[in-house]
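A.B. asks: According to UniProt numbering, the sequence shown is numbered sequentially starting from 1.
We treat Cβ as the ideally placed atom computed from N, Cα and C, and that holds for glycine.
None of these values were measured; they are calculated from a predicted model.
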Amino acid sequence: MSPDRAVLRRALDRGEREGGSVEFKERLTENLHLSEGRLESLAAQLRHRVLSGDGEATYVVGVTDDGGLAGISPAEFSESMDVLSLLAEEAGAHIEEVKTWGVDGVSENGSAATDGIVGVATVSEGSVLADDDHIVVGTAGHVDHGKSTLVGSLVTGDADDGEGGTRGFLDVQPHEVERGLSADLSYGVYGFDDEGEPIRMDNPHRKDDRARVVEESDRLVSFVDTVGHEPWLRTTIRGLVGQKLDYGLLTVAADDGVTETTREHLGILLATDLPTIVAITKCDLVDEERVAEVERDVEQALREVDKTPLRVERHGVDTAIDEISETVVPVVTTSAVTKAGLDDLDEMFEALPKTAGEVGDFRMYVDRTYNVQGVGAVASGTIKSGEVEAGDELLLGPMQDGSFRDVEVRSIEMHYHRVDEAKAGRIVGIALKGVREADIERGMVLLPSDADPSPVREFEAEVMVLNHPTRIGDGYEPVVHLETVSEAAAFYPEGGQLLPGDAGKTRVRFKFRSYLVEEGQKFVFREGSSKGVGTVTDIDPVE
1 MSPDRAVLRR ALDRGEREGG SVEFKERLTE NLHLSEGRLE SLAAQLRHRV LSGDGEATYV
61 VGVTDDGGLA GISPAEFSES MDVLSLLAEE AGAHIEEVKT WGVDGVSENG SAATDGIVGV
121 ATVSEGSVLA DDDHIVVGTA GHVDHGKSTL VGSLVTGDAD DGEGGTRGFL DVQPHEVERG
181 LSADLSYGVY GFDDEGEPIR MDNPHRKDDR ARVVEESDRL VSFVDTVGHE PWLRTTIRGL
241 VGQKLDYGLL TVAADDGVTE TTREHLGILL ATDLPTIVAI TKCDLVDEER VAEVERDVEQ
301 ALREVDKTPL RVERHGVDTA IDEISETVVP VVTTSAVTKA GLDDLDEMFE ALPKTAGEVG
361 DFRMYVDRTY NVQGVGAVAS GTIKSGEVEA GDELLLGPMQ DGSFRDVEVR SIEMHYHRVD
421 EAKAGRIVGI ALKGVREADI ERGMVLLPSD ADPSPVREFE AEVMVLNHPT RIGDGYEPVV
481 HLETVSEAAA FYPEGGQLLP GDAGKTRVRF KFRSYLVEEG QKFVFREGSS KGVGTVTDID
541 PVE
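(1) Does the beta-carbon of G55 have 16 or more other beta-carbons within 10 angstroms, so that it is buried, or is it exposed?
(2) Using alpha carbons as the reference points, say which of V428, D420, L466 lies closest to R305.
(3) Whose CA, out of H145, I539, D82, lies closest to the CA of L249?
(4) So, at 8 Å on beta carbons, what are the nonlocal neighbours of V189 in its own chain, with the 5 sequence-adjacent residues on each side left out?
(5) At which residues does the alpha helix (DSSP H) containing P74 begin and terminate?
(6) In the DSSP assignment, find the beta strand (DSSP E) that holds I383 and state where it starts and stops.
(7) Check for me: the alpha helix (DSSP H) holding E289 runs from which residue to which?
(8) Would the region 446–463 count as touching the region 499–519 if we require 3 or more Cβ pairs under 8 Å?
(9) Under a Cβ-count criterion, where at least 16 other Cβ atoms within 10 Å of its own Cβ denotes burial, should R38 be classed as buried or exposed?
(10) Using 8 Å as the cut-off, can you tell me whether the region 477–486 makes contact with the region 419–434, which would need three or more C-beta pairs spanning the two stretches below that distance?
(11) Entirely within the region 439–503 and at least 3 residues each: give me those beta strand (DSSP E) ranges in chain order.
(12) Starting from the N-terminal side, write out each stretch of the alpha helix (DSSP H) that is 4 residues or longer and does not extend beyond the region 29–55.
(13) Taking the CB atoms as reference points, tell me whether G341 and D297 lie closer together than 7 Å.
(14) Give the secondary structure of L516 by DSSP, where H, G and I count as helix, E and B as strand, and everything else as coil.
(15) Could you tell me whether the region 331–339 touches the region 279–292, where touching means 3 or more Cβ pairs closer than 8 Å?
(16) For the beta strand (DSSP E) that contains A351, what are its first and last residues?
(17) Whose CA, out of V533, P453, Q497, lies closest to the CA of I539?
(18) Find out if the Cβ-Cβ distance for the pair E392, V372 is shorter than 7 Å.
(19) What three-state label does DSSP hand D322 in the structure shown?
(20) First and last residue of the alpha helix (DSSP H) that includes E437?
(21) Got a sec? Which residues, its chain only, sit under 7 Å from A320 by beta carbon, not counting five neighbours each side?
(22) When burial is assigned at 16 or more other CB atoms within 10 Å of the CB, is S403 buried or exposed?
(23) What are the boundary residues of the alpha helix (DSSP H) that T149 is part of?
(24) What would DSSP say about residue 545, mapped onto helix, strand or coil?
(25) Can you confirm whether the region 132–152 touches the region 76–96 when touching is taken to mean that 3 or more C-beta pairs between the two stretches lie within less than 8 Å?
(26) Out of T369, M81, H33, state which residue places its alpha-carbon closest to the alpha-carbon of V120.
(27) From D194 to D218, what does the alpha carbon distance come to, in whole angstroms?
(28) Spell out the partners DSSP gives E197 in its beta bridges.
(29) Quick check: what's the CA-CA separation for A95 versus L46?
(30) Quick one, are the C-beta atoms of V407 and L394 less than 7 Å apart?
(31) Does DSSP put G141 in a helix, a strand or coil?
(32) Just to confirm before moving on: does the CB-CB distance between S514 and R457 stay below 7 Å?
(33) List the whole-angstrom C-beta distance separating I427 from V136, where the pair is believed to meet the contact cut-off of C-beta under 8 Å.
(34) Assuming V50 and E97 are in contact, meaning their beta carbons sit under 8 Å apart, how far apart are those beta carbons, in whole angstroms?
(35) Can you tell me where the beta strand (DSSP E) with F525 in it begins and where it stops?
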């Protein structure tokens with residue numbers, strides 16, 4: 001028997017033994033199970049099963065009443081999960097996890113079918129934490145400056161072995177989805193209980209361990225961990241610009257100091273008006289004199305971009321929490337090996353207020369897409385504004401021709417934890433009905449169904465050139481990173497040129513297609529070693 005089938009068999013065997021907390025269903029349908037009177041009855045039954053299971057119930061879908069494997073179609077399974085989600089919400093619970101298996105099903109005419117699905121859904125008592133208690137932190141820093149190791153030690157509480165051992169907790173590909181909806185754009189997550197004590201991951205490689213942290217935490221901290229290699233600067237920019245971050249965390253290694261990449265990452269963080277913390281890492285490798293030298297260099301680099309450094313060791317954590325802003329940057333001295341400074345970071349992350357999330361209608365730019373068996377197309381990203389619920393009707397686009405498509409929210413998941421709704425600032429995966437995964441692209445946006453979006457091919461912007469070997473003239477074609485859009489665009493500067501260090505106006509035209517762009521949005525542009533930042537000042541809707 002395969003490992004997957006063995007897991008399924010154990011779930012079925014457990015159901016036969018426990019009875020009260022386990023329910024077998026061949027399928028759930030909207031017409032039958034959500035009809036008047038039936039919904040209330042089934043919600044009460046679900047509530048009873050949750051209480052019988054000490055806060056947790058198991059629903060096995062795609063099986064007969066006696067636990068025999070029947071298998072249902074992907075569409076039937078998706079409908080069943082939609083119905084179960086609504087029943088759980090009515091009962092004051094939520095779907096925490098869904099696992100699926102492919103089995104030999106039965107077609108409508110009774111012949112054998114090979115695309116049947118059996119799923120095991122875990123339903124848990126209560127709802128997830130409030131959105132105000134979830135902050136998202138974007139990390140940046142030069143390669144080998146210890147940012148992944150630092151985050152690994154924060155989320156596990158483990159000291160590093162001096163060889164970057166805790167870094168391995170974060171070296172996973174977020175697009176490797178084994179089941180369900182993945183919203184794992186952040187590579188690390190930990191939380192705090194209602195008394196401020198950390199709740200960390202025992203085994204970050206296990207998805208259910210991440211779900212446990214989400215479930216148990218009264219406050220959650222997610223990390224979007226970027227890459228420090230210059231060839232992967234595009235990925236770093238996407239992590240810092242494409243997500244709706246609350247704070248930035250820039251690492252500077254004490255043995256290497258401030259580098260050109262450090263300055264570039266600092267420029268990107270601060271150009272997007274992101275409140276940022278600088279962590280000087282690897283302080284166990286050098287003497288106190290070298291640490292003091294790097295601290296002075298960091299402070300000088302911050303002052304050069306009109307920011308005020310605040311040394312936490314001198315002024316205290318409470319002051320850092322009160323003063324951090326777009327202009328004041330706390331500086332913390334740390335070591336993942338000795339765990340020096342990690343308590344200070346814990347205190348800050350436990351108390352810092354949420355900054356991301358805008359008022360207004362729901363909006364989410366798509367960062368990744370998946371196709372999940374039994375669920376269908378999934379769009380993943382960070383909610384920019386508003387909120388979304390399972391069952392909502394939305395618009396998705398723009399498509400290649402500039403149009404928007406009607407879609408419906410099947411379900412929502414965060415860190416492998418299924419939720420019924422989510423608000424601005426949350427990193428989520430949204431399963432969509434009415435579209436194929438192949439038709440969804442990064443840079444598209446999800447909006448309410450009554451929105452009237454106008455895709456933009458061209459816009460005006462104020463830009464600053466951070467680094468360029470020569471002048472920038474008409475027709476200069478960098479890649480523009482705006483929200484999750486990464487697209488080649490032509491620049492047409494006012495006056496015909498921009499020089500290194502210049503700030504000025506330019507017209508920007510996407511090379512291949514239109515996107516949804518708004519006045520005030522920040523963006524980064526790059527081409528080879530050239531880099532700059534900008535702000536959209538005026539838009540020209542496509543005619």
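C.D. replies: On the basis of the data shown:
(1) Classification of G55: exposed, given that the 10 Å Cβ count is below 16.
(2) Correcting the residue type first, residue 305 is Val in the shown sequence and not Arg. Relative to V305, the option among V428, D420, L466 whose CA is nearest is L466.
(3) Measuring from the Cα of L249, the nearest candidate turns out to be H145.
(4) Short of 8 Å from the beta carbon of V189, and not among the five residues preceding or following it, lie these beta carbons of its own chain, in chain order: V155, M201, R210, V213, V214, L220, V221, S222, F223, H415.
(5) 74–90 is the span of the alpha helix (DSSP H), which, as asked, contains P74.
(6) For I383, the enclosing beta strand (DSSP E) starts and ends at 376–385.
(7) E289 -> alpha helix (DSSP H) spans 288–304.
(8) By the criterion of at least three beta-carbon pairs nearer than 8 Å, the region 446–463 is in contact with the region 499–519.
(9) Burial state of R38 is exposed, judged by a 10 Å Cβ sphere holding fewer than 16 other Cβ atoms.
(10) Touching, no, given that fewer than three Cβ pairs across the two stretches are closer than 8 Å.
(11) Taking only runs of at least 3 residues, the beta strand (DSSP E) segments lying wholly in the region 439–503 are 445–448, 456–467, 479–482, 485–493.
(12) Inside the region 29–55, DSSP marks whole alpha helix (DSSP H) runs of 4 or more residues at positions 30–33, 38–52, from first to last along the chain.
(13) Taking 7 Å as the Cβ cut-off, G341 and D297 do not qualify as a contacting pair.
(14) It is coil, neither helix nor strand.
(15) As far as the Cβ criterion goes, the region 331–339 touches the region 279–292, which means the pair count is three or higher.
(16) Segment 342–351 is the alpha helix (DSSP H) holding A351; no beta strand (DSSP E) there.
(17) When each option's Cα is compared against that of I539, the closest is P453.
(18) First, the residue type needs correcting, since residue 392 is Asp and not Glu in the sequence shown. Going by C-beta atoms, D392 is not nearer than 7 Å to V372.
(19) Here D322 carries a helix assignment [DSSP, helix/strand/coil].
(20) Note, E437: premise wrong, no alpha helix (DSSP H); not H, not E.
(21) Taken in chain order, the residues that qualify are L310, V312, P330, M348.
(22) Exposed is the call here.
(23) First-last of the alpha helix (DSSP H) with T149: 147–156.
(24) An answer regarding residue 545 cannot be provided, because it is not within the stretch 1 to 543 covered by the chain.
(25) These segments do not touch.
(26) Scanning T369, M81, H33 for the CA closest to the CA of V120 turns up M81.
(27) Rounded to the nearest angstrom, the two C-alpha atoms are 6 Å apart.
(28) According to DSSP, which records beta bridges pairwise, E197 is partnered with nothing at all.
(29) Looking at the sequence provided, one finds Ile at residue 95 rather than Ala. Take the alpha-carbon of I95 and the one of L46: they are about 11 Å apart.
(30) Cβ distance < 7 Å, so V407 and L394 count as in contact.
(31) Residue state for G141 is assigned as strand, using DSSP reduced to three classes.
(32) It is a contact, given that the beta carbons lie within the stated cut-off.
(33) With a contact defined as Cβ atoms closer than 8 Å, I427 and V136 qualify at about 6 Å.
(34) The beta-carbon separation of V50 and E97, rounded to 14 Å, does not stay under the 8 Å limit for a contact.
(35) In this chain, the beta strand (DSSP E) harbouring F525 covers 522–527.
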